[in-house]
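Below is one structure, written out as structure tokens; the observations come after it.
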Amino acid sequence: PAGRKPISGRGAMSGMAPASDNVWIGDLPPDLSQDALAEVFAAYGTVTSCRVNNPSQPGRKASALVRFASVDEAAWVVQNLNGN
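In terms of my numbering, the sequence shown has 37 at position 34, counting the first letter as 1, and numbering is strictly consecutive.
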């Protein structure tokens, strides 16, 4: 649905792989800065690193990887923010 951001942590919800402290976030504004990304997700846990992947073509969305201080924090973000 429009306006919903995909969020996934490797195995955090699927049970197919070990849970990770690294979360992939998609459907982000193309001009999002790394500082803004870190500030947003710091509200949900301790962000130890993050990286914005700028869109490869004009008109596309950005994605990002956010690493949290623990697997539990990352899993909480995936479980509670996925699709919102």
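Even glycine gets a Cβ: it sits at the ideal position worked out from N, Cα and C.
In whole angstroms, what separates the C-alpha of residue i from that of residue j?
i	j	result
proline 32	leucine 84	17 Å
cysteine 53	glutamine 37	7 Å
isoleucine 28	glycine 86	10 Å
valine 69	alanine 45	10 Å
Anyone know if the C-beta pair for residue i and residue j falls short of 8 Å?
i	j	result
valine 162	valine 26	As shown, the chain starts at 4 and ends at 87. That puts residue 162 outside it, with no answer to give.
phenylalanine 71	valine 50	yes
serine 23	alanine 77	yes
Spatial neighbours of residue i within its chain, please: C-beta separation below 6 Å, excluding the five flanking residues on both sides.
i	result
tyrosine 47	Val80
leucine 40	Cys53, Val55, Ala67
Do you know whose CA, among the options, lies nearest residue i's CA?
i	options	result
aspartate 34	Ser73, Pro58, Asp75, Val69	Pro58
In terms of residue numbering, what span does the beta strand (DSSP E) encompassing residue i cover?
i	result
aspartate 30	25-31
Return the first residue and the last residue of the alpha helix (DSSP H) that residue i is part of.
i	result
asparagine 83	74-84
Excluding sequence positions up to five away, which residues of its chain have a Cβ less than 7 Å from the Cβ of residue i?
i	result
valine 74	Ala22, Ser23, Asp24
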